[in-house]
Every structure is written in structure tokens, then in C-alpha cells.
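What follows is a set of notes on a single structure, which appears directly below.
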Amino acid sequence: AGPKGDNIYEWRSTILGPPGSVYEGGVFFLDIAFTPDYPFKPPKVTFRTRIYHCNINSQGVICLDILKDNWSPALTISKVLLSICSLLTDCNP
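Position 2 of the sequence shown, counting from 1, maps to 2 under UniProt numbering, and the rest follow consecutively.
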């Protein structure tokens with residue numbers, strides 16, 4: 001994950017489908033948008049790659065507690081991306 005260009009508030013990331021999941025072998029691109037309130041408010045993370053998953057809507061918006069009410073300033077982007085990979089392994093309806 002890293003900045004798209006000169007704007008440090010807009011990042012791009014790539015994650016690989018977790019081994020043993022239905023997404024294994026897949027390559028998924030995500031956008032990460034930081035607000036000026038970061039790290040006190042969560043970044044907005046969306047899938048740019050279309051994906052069928054019960055926690056990801058058709059616009060790529062991810063339903064994950066740490067990106068909403070359970071956000072902690074101690075969470076790093078690496079931990080957020082790891083949580084998204086875990087979500088791909090286990091659907092959380």
C-alpha cells in the first residue's frame with residue numbers, strides 16, 4: 001500500500017486472495033482514503049476490483065467493524081489490510 005501520487009491522503013493497495021479461500025489466486029485492488037482526522041477516524045477503504053462477498057457491496061464498500069465503530073488509532077494500515085484478508089477467508093454476515 002502506498003500513496004497514489006503526490007496526495008498523501010489517497011492510497012492504493014493490492015491484496016491477494018487468501019490461500020484456501022474461494023478468492024485464492026485472485027488479485028484485488030483497493031483505494032484507501034484518509035481524512036485529516038486520521039488516525040483518530042478510520043480511513044475509507046473500498047475495493048476497486050469487483051468482488052462477490054457478503055460484507056462488500058457492489059460499490060466496493062466494506063462492512064467491517066474496525067473501519068467503523070471499533071476503529072482504534074493504534075491500528076496500522078497493515079493490520080487493516082490483514083483484517084480485510086481475514087474477512088475474505090471467513091464471511092461475517
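Even glycine gets a Cβ: it sits at the ideal position worked out from N, Cα and C.
Keep in mind it's a predicted model, so treat the numbers as computed, not measured.
From residue 97 to Leu82, what distance separates their C-alpha atoms? In the structure as shown, the chain starts at 1 and stops at 93, and residue 97 therefore has no counterpart that could be examined.
Just list the alpha helix (DSSP H) runs in the UniProt domain "UBC core" (1-93), keeping only unbroken ones of 4 residues or longer that don't cross its boundaries, in chain order. 77-89
What does a CB cutoff of less than 6 angstroms around Gly26 pick up in its chain, not counting 5 residues either side in sequence? Gly17
Could you check how far apart the C-beta atoms of Ile62 and Asn70 are, in whole angstroms? I think they sit under 8 angstroms. Between Asn70 and Ile62 the Cβ distance is about 13 angstroms, and since that is not below 8 angstroms, they are no contact.
Does the Cβ of Phe40 have 16 or more other Cβ atoms within 10 Å, making it buried, or fewer, making it exposed? exposed
Do Leu64 and Thr46 have their CB atoms nearer than 8 angstroms? no
Is it buried or exposed for Pro42, if we count other Cβ within 10 angstroms and need 16 for buried? buried
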